[in-house]
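What follows is a single structure, written as structure tokens, with notes after it.
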């Protein structure tokens with residue numbers, strides 16, 4: 302009897318651990334495509350898993366950080382989903398490329414039109430954003446997930462100072478060190494390509510110049526040889542006439 306009770310208690314404890322770990326392991330998250338460099342632009346994927354066995358996700362709301370507003374937020378079209386963009390007035394205008402921005406996107410909402418996130422599946426919602434702040438190491442995007450049975454899950458809890466993950470963590474984007482050109486690898490690749498092209502053109506010019514010099518020298522030598530031959534022929538002809 303004691304052994305059976307111990308086994309039962311152990312099984313209940315194990316089930317409890319699984320139930321607690323399950324939701325924490327599958328929550329709304331955000332990941333950049335490549336790197337999210339400070340001061341630059343990036344494409345972000347908001348990954349939304351469906352955690353319910355008997356309900357589908359039909360609405361996703363992502364709130365953008367008010368303490369670090371982004372001047373440019375452009376969501377990518379997702380088949381079967383309608384997109385609504387909410388903008389809010391800024392307490393302090395942003396200056397971008399010499400222009401003052403007085404409002405910024407505060408929320409993007411995806412609502413299922415002909416599609417939904419069924420049990421056992423997830424959906425990614427891409428968004429192009431920038432310019433990322435230079436005075437922050439991370440950005441917190443609070444998200445709200447709604448199911449077709451009217452259940453609402455709020456992924457809005459920010460990370461704790463101790464590094465422990467809360468029960469309903471908000472998506473957190475880690476920022477990397479700023480790139481020199483504030484655009485990332487694509488700009489670097491373009492610069493390298495331009496430098497390579499310029500180098501190739503310079504090499505071609507040098508080779509062409511060298512080839513021209515060689516040709517000129519060859520023709521000059523041939524002319525000298527012909528001239529010497531003509532003089533020799535003239536001298537021999539004169540001697541024959543005298544004889």
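Residue numbers (my numbering): 302 to 544. C-beta: ideal position from N, C-alpha, C; glycine also.
task = Can you give me the start and stop residues for the beta strand (DSSP E) that residue 429 sits inside?
result = 423-431
ask   = Out of curiosity, what's the CA-to-CA distance linking residue 363 and residue 381?
value = 18 Å
key: Best match in 343, 472, 479 and 480 for proximity to residue 361 [C-alpha to C-alpha]   = 472
task = Return the chain-ordered list of same chain residues with a C-beta closer than 8 Å to the C-beta of residue 366, the five sequence neighbours on each side being excluded.
result = 440, 441 and 442
key: Backbone secondary structure at residue 360 - three-state DSSP   = strand
inquiry  = Quick check: what's the CA-CA separation for residue 341 versus residue 460?
reply    = 24 Å
ask   = With distances taken between CB atoms, is the gap from residue 394 to residue 384 smaller than 8 Å?
value = no
request  = Would you mind sorting residue 450 into buried or exposed? The rule is 16 or more other CB atoms within 10 Å of its CB.
outcome  = exposed
request  = Determine the extent of the beta strand (DSSP E) in which residue 480 is found, giving its start and end residues.
outcome  = Per DSSP, residue 480 belongs to no beta strand (DSSP E) and is neither H nor E.
key: Coil, strand or helix - residue 373 by DSSP   = strand
task = Helix, strand or coil for residue 442, going by three-state DSSP, please let me know.
result = coil
task = Only counting runs of 3 or more residues, tell me where the beta strand (DSSP E) segments fall wholly within the region 327-362, in order along the chain.
result = 330-333 and 343-350
ask   = Could you give the distance in angstroms between the alpha-carbon of residue 454 and the alpha-carbon of residue 343?
value = 27 Å
ask   = If we count the other Cβ atoms within 10 Å of its Cβ and call it buried at 16 or more, is residue 446 buried or exposed?
value = buried
inquiry  = Quick check: the Cα distance between residue 412 and residue 368, rounded to an integer number of angstroms?
reply    = 26 Å
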